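Chemist:
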Amino acid sequence: MIIPPPLPMFASHQLASLFAVFVVLCNQSLGQDWFRWRGPNLDGIAQSEKWSGELPKSDSKIRWRASVGIGFSSFVCHDGLVITMGHQGDDSVVTALDQESGKTTWQFKFPAPLDDRDFEGGPTSTPTIDGDNVYVFSRMGELFCLTLKSGEQIWKTSLADRAQVRLPGWGCSAAPLVLGDKLILNLGEAGMAVNKQTGELIWQSDDRECGYASPVPIPNSDPAAVIIASGKTYVGVEVETGKELWAVRWLTSFNCNAADPIVNNNQMFLSSGYNRGAGLFDLSSEKPDAIWKNKEMKNQIHGSILYQGKLYGIDGDMESGGSLKCLDWATGEVEWSTDDLRPSGLSMVNNQLLVLTEEGVLITAPATPDGWQPISEMNVLEGKCWTSPVFSNDQIYCRTIHGEVVCVDCRE
């Protein structure tokens, strides 16, 4: 079965604006909120001053359960709200849950097909919170701006129609990325940008099929740039103008470039499933050269996590059951692998791996190249789970494909 992904330097006046954004993001990060896809630093790692790394031993620490509808959307958390998406009836539904009780604070609905070709269907993108606003990108290429407090629509634009670009085979799955006054979207061959206040189109790219991974900024690039996944390439794109700076051809079956790239020390890690494999590329030249390539890490849906020079990720296609692996960033050599988990979601808290299995079991283990050494586990859900767990404010949020949500309280 084929499953899609859930997926700078400026002139002086722009530097001031970017610094203001940096301060805001740092403050949000320190508050332990998980306000965007893959967390405050876009690396899949949460921080906690209190959590020991061990899961609760009692089901009494399951704080609440909720139901949000069919889909693969992950969670974003801010200002006491936990927000995700699901399909209910004839609509896609954005649901904001109270962090403490799990009760629905508000919902925003818009007409959308379930579109369950070759998989269960429903929304696959994750919302993005920026200040008092929530940005939602639908599988049909519609972009919504909602108020965080009440879910009221501020504006809407149908980007696929407006920019006259085609949708990918399973619809849009990438999360919106906020950079300054812009929203960067993965639609078109090399993305597009809109004004985050108005939804007005700033720039767009050619009408070729996009991939499913979310846009990723390139730290300290000059000019400021992001990486966009198309169906056949990963492209470096100038944030201000949309100019394509370079491209790395990356062919994956069904054009399913779904795992977010990782950038570190001017190097870029790419990986995809369907037996495609992985590679590390040098971004210091005009045309990125491969440092290494192999088939040891095949991230079909979830991107790997880089921690202290090692990559931790799910290797293999989800339907056939992948393995959890640790690779060396510099060489691509395998440090360890475990084949008996069927891992379906991965994040980190401090130095601990947080793994969710397909059957709904949470497991924690130290992120170390010395081997897989689990220290705790907890059965939290029944039903197929393919969405990575989210840790925010010392609580863990998990969901099934059919929208059953659980909150695990890790506070003492």
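The sequence shown lines up with residues 0 to 411 when you count with numbering that gives the first Met the number 0. Note that CB positions come from ideal geometry on N, CA and C, so glycine has one too. Computed from a predicted model, the values in this text were never measured in an experiment.
#1: What are the residues that DSSP puts in a beta bridge with residue 141?
#2: Could you pull out every residue in the same chain whose Cβ sits closer than 7 Å to the Cβ of residue 224, ignoring the five residues on either side in sequence?
#3: How would you label residue 197, buried or exposed, when you count the other beta carbons within 10 angstroms and need 16 or more for buried?
#4: Counting only runs that start and end within the region 290-337, where is the beta strand (DSSP E) found for 3 or more residues in a row?
#5: What span of residues does the beta strand (DSSP E) with residue 91 cover, start to end?
#6: For residue 345, list the residues DSSP reports as bridge partners.
#7: Within a Cβ cutoff of 8 Å, which residues of the same chain sit near residue 364, ignoring the five residues on either side of it in sequence?
#8: Exposed or buried, what is residue 260 when buried is set at 16 or more other beta-carbons lying within 10 Å of its beta-carbon?
#9: If the criterion is Cβ atoms closer than 8 Å, does the pair residue 376 and residue 64 meet it?
#10: Residues in its own chain within less than 6 Å of residue 155 by CB, not counting five upstream and five downstream?
#11: If residue 279 and residue 290 are in contact, beta carbons under 8 Å, what's the gap, nearest whole angstrom?
#12: Quick one: what's got a C-beta closer than 8 Å to residue 330's C-beta in the same chain, skipping five residues either side?
#13: Which residue from 212, 149, 395 and 74 puts its Cα closest to that of residue 299?
#14: Between the region 382-400 and the region 334-345, are three or more C-beta pairs nearer than 8 Å?
#15: Using a Cβ-Cβ cutoff of less than 8 Å, which residues in the same chain neighbour residue 22 once the five nearest sequence positions on both sides are dropped?
#16: Does DSSP put residue 254 in a helix, in a strand, or in coil?
#17: For residue 246, is the beta carbon positioned less than 7 Å from some heavy atom of the ligand COA?
#18: For residue 338, collect the residues of the same chain with a Cβ closer than 8 Å to its Cβ; drop the 5 residues on either side in sequence, then sort them by chain order.
#19: From the DSSP output, in three-state form, read off residue 27 for me.
#20: Span of the beta strand (DSSP E) holding residue 211?
#21: Where do the ends of the beta strand (DSSP E) carrying residue 192 lie?
#22: Could you check the C-alpha separation between residue 334 and residue 49 for me, to the nearest Å?
#23: If contacts are defined as beta-carbon pairs under 8 Å, then residue 62 and residue 394 qualify, I think. What distance do you get, rounded to the angstrom?
#24: What's the C-alpha gap between residue 189 and residue 215?
#25: Which two residues bound the contiguous beta strand (DSSP E) that contains residue 105?
#26: So which of 126, 284 and 311 has the shortest CA-CA distance to residue 295?
#27: Report buried or exposed for residue 240, applying the criterion of at least 16 other Cβ atoms within 10 angstroms of its Cβ.
#28: On a CA-only basis, which of 146, 123, 201 and 358 is nearest residue 104? Give me that one, please.
#29: Output needed for residue 111: all residues of its chain with C-beta closer than 8 Å, excluding positions within five of it in sequence on either side, in chain order.
#30: Would you identify the three-state DSSP class for residue 220, choosing helix, strand or coil?
#31: Straight-line CA distance for residue 201 to residue 51?
Modeler: The relevant details are as follows:
#1: Under the DSSP definition of a beta bridge, residue 141 partners with 157.
#2: 7, 217, 235, 236, 237, 238 and 244
#3: exposed
#4: 304-306, 309-314, 322-327 and 333-337
#5: 90-97
#6: 354
#7: 351, 352, 354, 371, 372, 373 and 374
#8: Label assigned to residue 260: buried.
#9: no
#10: 143
#11: 4 Å
#12: 291
#13: The option with the nearest alpha carbon to residue 299 is 212.
#14: Touching, per the Cβ criterion.
#15: Bear in mind that the predicted position of residue 22 carries a pLDDT of just 40, short of 50, making it unreliable; the figure below should be weighed with that in mind. Around residue 22: no qualifying Cβ.
#16: It is helical.
#17: The ligand content of the structure shown is nil, which means the ligand COA is not present either.
#18: 322
#19: Low confidence applies to residue 27: its pLDDT is 40, below 50, so where it sits in the model is not reliable, and the reading given next is rough at best. Three-state DSSP puts residue 27 in a helix.
#20: Neither: residue 211 is in no beta strand (DSSP E) and is coded neither H nor E.
#21: 191-194
#22: Computed Cα separation, rounded: 29 Å.
#23: 7 Å
#24: Residue 189 and residue 215: Cα-Cα distance of roughly 12 Å.
#25: 103-110
#26: Restricting attention to 126, 284 and 311, the CA atom closest to the CA of residue 295 is found in 311.
#27: exposed
#28: 146
#29: 86, 89, 90, 91, 122, 137, 138 and 139
#30: coil
#31: 46 Å
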